[in-house]
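**Q**
Residue numbers (this note's numbering): 146 to 373.
Listed below in structure tokens is the structure:
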């Protein structure tokens, strides 16, 4: 069975939306889900397992993973208050380049990735430019709490990312020498650099290499859980 899963994962990584990778791991390995998935994701995995018999799991193919993806997308929308509250709890954590945990610091994209993984078990790509290809693009007028907002802060499109919290505000980890904070989209600096927004709906435009990178992250989490 382990060999079958090992061979299957790389093939599925080229076909599945990003949001389904974590969901796939939760379904094929319930033990891993119990070890590392937050409560919201555990509930999702249990509900999916009830609706889809084990013997038909792989037969369901792409449509099955699409349904799982929809559930994850719904969890982002339905749990937006919890997501925002978790993000607010990280306010004051210092900015630190290429760090991934609040204890050591968080940069712009790792802050967003940490909040989504910690609260929803939703694994996002590491870089803000990659995050900008996850989900569907939305206009500024369509923004809802939990959506991702992007900015051009380094003369590079989508070089910074934050989480929209409502009332034209977003939370993010800005730059060296600062800490996680809430800013106004209408302020002169951020309004000028606003680069678009995305809503996590389970779709993506990632390339094969980026999909593989995300799949590697999932496998790292799986191996880590076995050592707990």
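C-beta atoms are modelled at their ideal positions from N, C-alpha and C, and glycine is treated no differently.
For residue 324 and residue 253, what's the separation of their Cα atoms in angstroms?
**A** Each residue's CA atom was taken as its position, placing residue 324 and residue 253 some 10 angstroms apart.
**Q** With burial defined as no fewer than 16 other Cβ atoms inside 10 Å of the residue's Cβ, what is the status of residue 365: buried or exposed?
**A** exposed
**Q** Can you tell me where the alpha helix (DSSP H) holding residue 260 begins and where it ends?
**A** 253 to 265
**Q** Have a look at residue 250 and residue 271 and give me their C-alpha separation to the nearest angstrom.
**A** 15 angstroms
**Q** At which residues does the beta strand (DSSP E) containing residue 293 begin and terminate?
**A** 293 to 296
**Q** Counting pairs of beta carbons, one from the region 354 to 362 and one from the region 284 to 291, are three or more of them closer than 8 angstroms?
**A** With the cut-off at 8 angstroms, the region 354 to 362 and the region 284 to 291 do not touch.
**Q** Short of 6 angstroms in beta carbon distance, which residues of its chain neighbour residue 310, apart from the five on each side in sequence? Order them along the chain.
**A** 229, 290, 316
**Q** By how many angstroms is the C-alpha of residue 314 removed from the C-alpha of residue 342?
**A** Straight through space, the alpha carbons of residue 314 and residue 342 are spaced by roughly 13 angstroms.
**Q** Using beta-carbon positions only, say whether residue 346 and residue 281 come within less than 8 angstroms of one another.
**A** yes
**Q** Which residue from 244, 276, 267 puts its Cα closest to that of residue 302?
**A** Closest by alpha carbon: 276.
**Q** When DSSP labels each residue in this structure, what does residue 312 get in the three-state scheme?
**A** coil
**Q** With distances taken Cα to Cα, identify the nearest neighbour of residue 350 among 242, 299, 279.
**A** Comparing Cα-Cα distances from residue 350 to each of 242, 299, 279, the minimum goes to 279.
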